[in-house]
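Student: Throughout the sequence shown, residue numbering follows UniProt numbering, covering 1 to 125 in sequence.
Each residue gets a CB set at the ideal place from its N, CA and C atoms; glycine is no exception.
Given the structure is predicted, the values throughout are model-derived calculations rather than measurements.
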Amino acid sequence: MLTLKVFENSFYYHPFTMEELDYIPVTLGQRAKKEKERKRRKKEEKEEKERGERGERKRRKRRKKEEKKKEEKEEKERGGKERGERGERKRRKRRKKEEKKKEEKENAFSSLPTLKHKVTSCINT
Numbered sequence: 001m002l003t004l005k006v007f008e009n010s011f012y013y014h015p016f017t018m019e020e021l022d023y024i025p026v027t028l029g030q031r032a033k034k035e036k037e038r039k040r041r042k043k044e045e046k047e048e049k050e051r052g053e054r055g056e057r058k059r060r061k062r063r064k065k066e067e068k069k070k071e072e073k074e075e076k077e078r079g080g081k082e083r084g085e086r087g088e089r090k091r092r093k094r095r096k097k098e099e100k101k102k103e104e105k106e107n108a109f110s111s112l113p114t115l116k117h118k119v120t121s122c123i124n125t
């Protein structure tokens, strides 16, 4: 017996009985499942690609770090400044900045009484 079978919106005759067709699962629900599976696979591939790019960034960063270490080592061998000395230079610079701020604060407070006097004299006149 030939029966009418639906497969992805197309109809054709198939040499199966109705009972046998019950065991052949071709439905619209399956098509939706296949589409979901395809979308999921596509999404996974995209994520893998992104992870690969992230991995590349990490590798570049690591290489840069290694190069920097190499340069520091070479500089040290040539008699350049050591890490501790460089830190000392930074500390001196920071102290200098702090002192400058303190001086500015003191200057601001020292000029305050004259400003107060000027304001009061303007109000009085």
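Look up R78 in the DSSP assignment and say whether it is helix, strand or coil.
Tutor: In this structure, R78 counts as coil in the three-state DSSP scheme.
Student: Cα separation between R95 and G87?
Tutor: Those two C-alpha atoms are separated by around 12 angstroms.
Student: Roughly how many angstroms separate the alpha carbons of E47 and K70, rounded to a whole number?
Tutor: When rounded, the distance between both Cα atoms is 34 angstroms.
Student: Have a look at E45 and E37 and give me their C-alpha separation to the nearest angstrom.
Tutor: Looking at the two C-alpha atoms, the distance is approximately 12 angstroms.
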